[in-house]
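>
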Amino acid sequence: MRYLLPNIRQSRTLIGTNLRPLLSAPRGICLPHHKIPNNLHPSNLFCSTQVSSIFTMSKPQILLLGEIDHAKKEWSELSNIGELVEPKARSRQEFIEECKNGVYDKVAVAYRTFTSVAITGLIDEELISVLPKSLKFIAHNGAGYDQIDVNACTARDIRVSNVPTAVDDATADTNMFLILGALRGFNTSMMALRKNQWKGTSAPPLGHDPQGKVLGILGMGGIGRNLMKKAIAFGMTCQYHNRSKLSEELSGGAKYVSFDELLATSDVLSLNLPLNKNTRHIISTEEFKKMKKGVVITNTARGAVMNEDALVKALESGQVWSAGLDVFEEEPKVHQGLIDNPHVMLVPHMGTYTVETQTKMEVWCIDNVRSAIEKGKLMSPVGEQKDM
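Heads up: the sequence shown at position 119 corresponds to 125 in my numbering, and the numbers run straight through without jumps.
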């Protein structure tokens with residue numbers, strides 16, 4: 007008895023069997039009865055037409071939410087393992103309707119960008135409830151993932167990944183730029199110069215050198231540790247507060263202190279922690295009161311980890327001497343009190359805004375998609391799902 011070999015070269019992860027005898031034969035050849043692996047043998051499992059139907063199953067779909075700006079080649083190569091699809095929806099309601107109508111019922115993985123929120127809105131419980139049952143992975147192109155309700159995803163058995171270290175260098179560079187600019191008070195004269203006023207109608211106050219200053223890092227993750235190395239090169243002494251004390255190797259010799267001690271003893275406070283329900287407005291009126299008078303504050307994390315109303319008042323009172331901000335509570339809207347204050351350096355969320363870093367982030371995210379399809383797991387799952 008002989009069986010016609012189906013075209014199986016496109017399907018490598020079907021039944022977890024040893025397919026070597028089949029894959030080594032030319033396409034369409036008839037194999038002798040004794041060379042069919044036992045667990046694929048039609049007499050033991052199913053008829054040859056069923057074998058053929060399994061081997062010709064369609065590729066899973068990969069949904070692109072947002073744009074691929076740099077790693078276009080790497081994205082197109084995913085078509086070898088999945089069907090690439092994009093939404094036609096231009097609003098959250100339209101996207102929800104597409105989900106309800108079964109448009110994405112073959113989607114296994116979604117690649118999403120920060121800006122895709124303009125179409126889908128937040129990945130919250132409402133949206134997750136209508137996502138296709140086939141969706142098992144969300145690969146998020148960003149280090150911060152506060153736009154995604156991870157707990158709701160976990161309840162639906164959806165795995166989420168981010169790009170945790172791809173952004174470290176660029177974000178820490180931006181952070182150091184803000185620290186230097188805020189310490190030196192450069193913004194006041196830079197604004198005056200663009201109005202054809204040399205240093206301003208009256209000379210600005212003298213700035214401060216970074217050498218010898220104590221930098222307090224709130225959130226000693228990858229960005230915080232990268233910043234520490236850069237700050238040390240400028241002669242700063244570093245201390246940090248984290249959910250837990252780091253090993254000596256990871257901390258690089260930086261002193262671990264309590265939250266209150268960090269506030270009370272830092273000349274410069276840098277916010278480098280993720281935004282969640284526990285960290286929202288972690289810096290507010292009471293925290294400003296505990297700080298050194300004349301402290302400098304920078305934020306490259308998320309705007310809402312600091313109460314902007316409280317910051318404006320602390321700047322006006324002189325409790326905070328200057329600030330450098332790359333992120334804001336209600337982006338793209340910026341608090342008018344921050345815009346009007348010349349002692350505040352404002353950058354429109356450009357911490358990772360470089361060709362090199364954006365490319366690195368896209369490639370990393372694409373690698374997560376590939377890992378999900380080929381291995382059934384994400385390369386860099388978010389912290390809350392490390393043990394899933």
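Backbone N, C-alpha and C define an ideal beta-carbon position, used for all residues, glycine too.
Note that the coordinates shown come from a computational prediction; the quantities given were computed from them, not determined experimentally.
Fully enclosed by the region 128 to 174, which beta strand (DSSP E) runs are 3 residues long or longer?
143 to 147 and 165 to 167, all fully within the region 128 to 174.
> Just to confirm my understanding: we take residue 373, look at its own chain, exclude 5 residues before and 5 after, and list those with CB closer than 6 Å. What are they?
Walking along the sequence shown from the start, residue 373 turns up at place 367. So the qualifying residues of the chain are 385.
> Along the beta strand (DSSP E) that carries residue 89, what are the first and last residues, could you check?
In the sequence shown, counting from the first residue as 1, residue 89 sits at position 83. Element bounds for residue 89: 89 to 91.
> Which runs of the alpha helix (DSSP H) at least 4 residues long sit entirely within the region 97 to 133? Give them in chain order.
Listed in chain order, the complete alpha helix (DSSP H) runs (minimum 4 residues) inside the region 97 to 133 are 98 to 106 and 123 to 126.
> Would you give the residue range spanned by the beta strand (DSSP E) that residue 81 belongs to?
As a first step, residue 81 must be located in the sequence shown, where it is residue number 75. Careful: residue 81 lies outside any beta strand (DSSP E), inside the alpha helix (DSSP H) at 78 to 83.
> So residue 351 is in the beta strand (DSSP E); what residue range does that whole segment cover?
Start at 1 with the first residue of the sequence shown, and residue 351 comes out as number 345. Segment 350 to 352, the beta strand (DSSP E) holding residue 351.
> Only counting runs of 4 or more residues, tell me where the alpha helix (DSSP H) segments fall wholly within the region 282 to 356, in order along the chain.
Within the region 282 to 356, the complete alpha helix (DSSP H) runs of at least 4 residues are 291 to 296, 314 to 323 and 342 to 345.
> Considering only the alpha carbon of each residue, which of 267, 257, 148 and 97 lies closest to residue 133?
As a working note, residue 133 is residue 127 in the sequence shown. Ranking 267, 257, 148 and 97 by Cα distance to residue 133 puts 97 first.
> Tell me which residue opens and which closes the alpha helix (DSSP H) that residue 256 is part of.
As a working mapping, residue 256 is identified with position 250 in the sequence shown. Unbroken alpha helix (DSSP H) run through residue 256: 254 to 257.
> Please list, in chain order, all residues of the same chain as residue 290 whose beta carbon is under 7 Å from its beta carbon, the five residues on each side excluded.
The residue labelled residue 290 in the question sits at position 284 within the sequence shown. 313 and 316.
> Give me the DSSP bridge partner(s) of residue 222.
Here the question's residue 222 lines up with position 216 in the sequence shown. In the DSSP output, where bridge partners are listed per residue, residue 222 has 245 and 275.
> Cα-Cα, which of 193, 172, 346 and 388 is closest to residue 370?
Working through the sequence shown from its first residue, we reach residue 370 at position 364. The option with the nearest alpha carbon to residue 370 is 172.
> Contact defined as beta carbons within less than 8 Å: I believe residue 302 pairs with residue 189. What is the distance between those atoms, to the nearest angstrom?
Counted from its first residue, the sequence shown places residue 302 at position 296. Counted from its first residue, the sequence shown places residue 189 at position 183. Right, their Cβ atoms sit about 6 Å apart.
> Near residue 105, what residues of its chain come up, given a Cβ to Cβ distance below 7 Å and the 5 sequence neighbours on each side ignored?
Looking up residue 105 in the sequence shown gives position 99. Answer for residue 105: 136, 137 and 138, listed in chain order.
> Less than 8 Å between the beta carbons of residue 89 and residue 119, yes or no?
Taking the first residue of the sequence shown as position 1, residue 89 is located at position 83. Taking the first residue of the sequence shown as position 1, residue 119 is located at position 113. It is not a contact, given that the beta carbons lie outside the stated cut-off.
> Using a Cβ-Cβ cut-off of 8 Å (strictly less than) and excluding sequence neighbours within five positions of residue 282, which residues of its own chain qualify?
Position 276 of the sequence shown, counted from the first residue, corresponds to residue 282. Cβ within range, chain order: 152.
> Look at the Cβ atom of residue 335, then the Cβ atom of residue 309, and state whether they are nearer than 8 Å.
Taking the sequence shown and counting its residues from 1, the one referred to as residue 335 is at position 329. Taking the sequence shown and counting its residues from 1, the one referred to as residue 309 is at position 303. Yes, the pair counts as a contact, with Cβ atoms nearer than the cut-off.
> Less than 8 Å between the beta carbons of residue 260 and residue 280, yes or no?
Position 254 of the sequence shown holds residue 260. Position 274 of the sequence shown holds residue 280. It is not a contact, given that the beta carbons lie outside the stated cut-off.
> Looking at the secondary structure, which residues open and close the alpha helix (DSSP H) in which residue 74 lies?
Against the sequence shown, residue 74 aligns to sequence position 68. Note, residue 74: premise wrong, no alpha helix (DSSP H); not H, not E.
> Could you pull the start and end residues of the alpha helix (DSSP H) that residue 198 belongs to?
Locating residue 198 in the sequence shown gives position 192, where the first residue counts as 1. First-last of the alpha helix (DSSP H) with residue 198: 192 to 199.
> Under a three-way DSSP split, which group does residue 261 fall into?
In the sequence shown, counting from the first residue as 1, residue 261 sits at position 255. Residue state, collapsed to three classes: strand.
> Kindly identify the DSSP beta-bridge partner or partners of residue 67.
Looking up residue 67 in the sequence shown gives position 61. DSSP, once it has assigned bridges, lists 89 and 113 as partnering residue 67.
> Count the other C-beta atoms from every protein chain shown that fall within 10 angstroms of the C-beta of residue 354, then say buried if there are 16 or more, exposed otherwise.
As a first step, residue 354 is located in the sequence shown; it is residue number 348 there, counting from the start. Residue 354 is exposed by the Cβ-count criterion.
> Identify the continuous alpha helix (DSSP H) that holds residue 204 and give its terminal residues.
Here the question's residue 204 lines up with position 198 in the sequence shown. Neither: residue 204 is in no alpha helix (DSSP H) and is coded neither H nor E.
> Can residue 178 and residue 233 be called in contact, C-beta distance under 8 Å?
Residue numbering aside, residue 178 sits at position 172 when the sequence shown is read from its first letter. Residue numbering aside, residue 233 sits at position 227 when the sequence shown is read from its first letter. It is a contact, given that the beta carbons lie within the stated cut-off.
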